[in-house]
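The structure appears right after this line, and notes come after that.
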Amino acid sequence: MRWTRRTRAAGTAVAAVALLGAALTAPVAQAAARDTGQLTDLVNPFIGTENEGNTYPGAAVPFGMVQFSPDTGHNTGYDHSQNHIRGFSLVHLSGVGCGLGGDLPVLPTTGDVTETDNARYEAEFSHDTEQAGPGYYKVGLKNGIGAELTATARTGVQRYTFPATDKANVLLDAGQSLHRVISTQVEVLDNRTVRTALTGSGFCQDTEPYTVYTITRFDRPFTSFGTWDGSSVTAGSRSGHGGAYVRFDTTKDRTVEATTALSYVDARGAALNLRAEGGRSFDRVREAARRSWEDRLDDVRVKGGSDTLRRTFYSSLYRSFLAPNIGSDADGRYTGWDQRVHRAKGFTYYQNWSLWDTYRTQSQLLSLLAPREARDMAVSVIHIDEESGWLPKWGYGTVETNIMTGDPVTPFLTNAYQQGLLKGREGYEERAYRALRKNADGVPPADSPAVGREANKEYLAKGFAPYIKGRPHAKPGDSDYDHGPSATLEYALSDAMLAEMARGLGHDADAARYAARAQNYRAVLDPSTGFFRARDASGAFTGPADPAQSEGFHEGTAWQYQWLVPQDLPGMIGLIGGEQAANARLDSFFAYEQLVRDPAKTAREVWVNGPYDYYNADKYNPQNEPDLIAPYTYLSTGQPWKTTDVVHAALTLFTDTPTGMTGNDDLGTMSAWNVLSSIGVFPVQPGYATWGLSTPVFERVDLTLDRRYYPRGALTVTAPGTSDASHYIQSARLDGSAYGRTYLTTGDLRHTRSLSFTVGARPSTWGTGAQAGPPPLNRPSS
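For the sequence shown, the positions run -31 to -1, 1 to 751 when mature numbering (1 follows the signal peptide of the UniProt record, and there is no 0) is used.
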């Protein structure tokens, strides 16, 4: 069974599903999901496809290279409010904020091929005819053609059902995508096969170019074909630079299937991937994709909660496993960031690194639930440094984009180290440390595409990254000089995490040096306002003193960056006047008095303004990364019950409708926040091994864990009776023993089978002791 599209007017899920050939109503379908254990039936891929959630509803397998999905004209691919499809393209990233991917849109048509601009040949559709589930997408076009998509790791498989006609076409549009197209080549190899090479650039700004190679094999011969360049279509032509069409006679056999394989290496790699993963019928591929998702989702079993809560939870879990993406071909070859071909030995190579986003939530979730893949992802990042000379900041495919601020790769890799993912004879712990040390202490040279810690010279000399308004960008992407105070906070956070890694590996002098630098957040705290503030090149505080109007913070204000000091919350709290003052500021920030009266209304009318409304605010922004850890600050101020209040209010923003994503999903970042916060175990010190605790939204959560990393092999979290009216922790027990702290470590998780909470209708004294909160990291001894 699969979810249908939601109509905007309805505003609620209306499911039209098929099970064993019989139509079921939504309540029956949900009951069947519970009875049969088919967790894929709870996943709604249309969540977040409206209001700039920027998710995609198409077909993919976990971490697959291919994301086969419709594009409607929105700059990131698909938008629920639109009703024309321009093509089904092979590459999409879940929840990115700028156009990216959209390579090789294909579209079935009938009649003569005269248009080459997909804005003109696009096909109208109704949301009532759409269905989607993990690994599958289907739509009925108003031209009478039915389209279905599924996928393997490196191929997209399509099935079209045409009307009876001798002019049934499939258009393969190499010249249009969601980013800037630099060059394309299209070749019709024989009467079943089309090959393309597509070179593109761009993500928010221009980047270094990358090339994608594809080969498409149809299940039967086409009767004719042609190619186009610009607006000129040439029947019978075997090569072109814009696209190709292939034609079938469907007067008797109305179905056409095709498999398209991808490679970021070369045409041979695409052909190899086709041989390795192609050759199966659409239905077999679809079922294999569903099984792969069922196996992945089955590692988390929840009990309790409403059907809506379960759907939003498993849909978030699904999106958390969409990226990063396999970058190596079936033979292990991949294109490195030096633009040379390498072969992965002993690991799978991954690409697509939205690190500023994912280091806060998604990388920790993967280390918990998919540690083998998370290990290979970390190893891939180490190889990026070893092959190109520098670590990534925001990497797409085979190139650096330099989007966003700070040093996000450090907490990403230190998290892998802290979770034990880099142990082994390959020496990846020390290899990672060498790369991080170089990254933390230097700046990439001018001939490197990377910007790294762009403001590191000033940061190391003065303790802060200066805010230099209007400074020309030396390289494409964002500049840390445009966001001096937030870059300073990000650098200091990364220094703290690197200090802990250095200490663990026995590099004591480095550990002391980085620990001292972790205190540099203090350099941008303006004592006259008690808030972080930009400093110019001379060291003077600059910009408006009002923290809600502050300049220099990337996608946020000083209010929203106030709590981005997870390495030393006690120190920061002391700087602003102690716990009482901090709690008053937190209460104002979260509009706490309003929140306890009406959580959902406060979340939607006080916190949230618009998907990209980052500035001029003194309230919590649950839609964006700088505030993801903020609700857990109360764990360090002696009022842990308020963490649960804020978290549960923020969770109301996740729904099972197209608008049910809070902000961009950013490659699973927001989805992972939902999953972890719903379970009640959240990474409050990203890059380290600390997990903050809050009340789960489910009465029971059973996690199946990889015994290689978690010897007990499972963790059960229980909170009998948890509800909106009764969600305050009264007591906690760890494997049956009383537990009074508001956090666990990864070491605790490795050797624990059960974490149980007793909940009630009013706050208690649980977790309020002087040593109950997460401890600060690497504080200087003096």
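Where is the CB? At the ideal position from N, CA and C, for every residue including glycine.
Query raised in the report: Going straight from the alpha carbon of V202 to that of T196, what length do you get?
Result: Spanning the alpha carbons of V202 and T196 requires a straight line of approximately 6 Å.
Query raised in the report: Buried or exposed: where does T(-7) fall if 16 or more other Cβ atoms within 10 Å of its Cβ makes it buried?
Result: Low per-residue confidence applies at T(-7): pLDDT is 29, beneath 50, and the placement is therefore not dependable enough to give any value.
Requested in this report: Would you kindly report the start and end of the unbroken alpha helix (DSSP H) that includes D264?
Outcome: F251 to L266
**Report entry** Proximity of V271 and F623 at Cβ, strictly below 7 Å
**Finding:** no
Query raised in the report: Mind checking S63: buried by the 16 CB within 10 Å criterion, or exposed?
Result: Around the C-beta of S63, 16 or more other C-beta atoms lie within 10 Å, and the residue is accordingly described as buried.
Query raised in the report: Quick one, which of T9, E93, A492 and R123 has its alpha-carbon nearest G102's?
Result: T9
Report task. Consult DSSP for W532 and reduce its assignment to one of helix, strand or coil. Result -> DSSP, reduced to helix, strand and coil, places W532 outside both helices and strands of the structure shown, so it counts as coil.
Query raised in the report: Among L713, P595, D625 and T41, which has the Cα closest to the Cα of Y328?
Result: P595
**Report entry** Per-residue DSSP class, three states only, for F381
**Finding:** helix
Query raised in the report: Just curious, the beta strand (DSSP E) that V202 is in, first and last residue?
Result: S201 to A204
Query raised in the report: Taking just the CA atoms, how far does L538 sit from A466?
Result: Rather than Ala, the amino acid found at residue 466 in this sequence is Met. Taking the straight line from one Cα to the other gives about 14 Å.
Report task. My understanding is that V616 touches P600, with C-beta atoms under 8 Å, so please give their C-beta distance in whole angstroms. Result -> 5 Å
Query - Extent of the continuous alpha helix (DSSP H) run through R128 - result: First-last for R128: T124 to T130, but that is the beta strand (DSSP E), not the alpha helix (DSSP H).
Query raised in the report: What is the rounded straight-line gap between the Cα of S706 and the Cα of T715?
Result: Using only the alpha carbons, I get a separation of about 18 Å.
Query raised in the report: Can you tell me the Cα-Cα spacing of N633 and N593, whole angstroms?
Result: 8 Å
Query raised in the report: Hey, quick one: how far does the alpha helix (DSSP H) through F558 stretch, first residue to last?
Result: First-last of the alpha helix (DSSP H) with F558: E548 to F558.
Query raised in the report: Which class does F510 belong to by DSSP, given the choice of helix, strand or coil?
Result: strand
Query raised in the report: T457 lies in the alpha helix (DSSP H); which residues open and close that run?
Result: G453 to G473
Query raised in the report: Rounded to the nearest angstrom, how far is the Cβ of F559 from that of Q531, given a contact under 8 Å?
Result: About 12 Å separates the two Cβ atoms, so there is no contact after all.
Query - For E369: DSSP bridge partner residues - result: G364
Query raised in the report: Ends of the beta strand (DSSP E) at H311?
Result: V310 to R312
Requested in this report: Measure how close the beta-carbons of V368 and W325 come, nearest whole angstrom, since I'm counting them as under 8 Å.
Outcome: Rounded, the Cβ-Cβ distance is 17 Å, inconsistent with contact.
Requested in this report: For W660, name the three-state secondary structure that DSSP assigns.
Outcome: Of the three classes helix, strand and coil, the one that applies to W660 here is strand, per DSSP.
Query raised in the report: In terms of alpha-carbon separation, which member of N747, H720 and I698 lies closest to W735?
Result: Checking every option, the nearest Cα to that of W735 belongs to I698.
**Report entry** Where the beta strand (DSSP E) containing Y303 begins and where it ends
**Finding:** R302 to T304
Query raised in the report: Per the contact definition of three or more C-beta pairs closer than 8 Å, is the region 150 to 170 in contact with the region 48 to 57?
Result: Below 8 Å, too few C-beta pairs join the region 48 to 57 and the region 150 to 170 to call them touching: fewer than three.
Query raised in the report: Between the region 636 to 648 and the region 690 to 704, do three or more beta carbon pairs fall short of 8 Å?
Result: no
**Report entry** Bridge partners - A517, DSSP secondary structure assignment
**Finding:** In the DSSP output, where bridge partners are listed per residue, A517 has none listed.
Query raised in the report: Got a sec, what are the start and stop residues for the beta strand (DSSP E) A599 sits in?
Result: Run containing A599: none; DSSP gives neither H nor E here.
Query raised in the report: Going by alpha carbons, who is nearest to A730 out of H696, G738 and R702?
Result: For the residues H696, G738 and R702, the minimum Cα distance to A730 belongs to H696.
Query - As assigned by DSSP and simplified to three states, the class of P652 - result: strand
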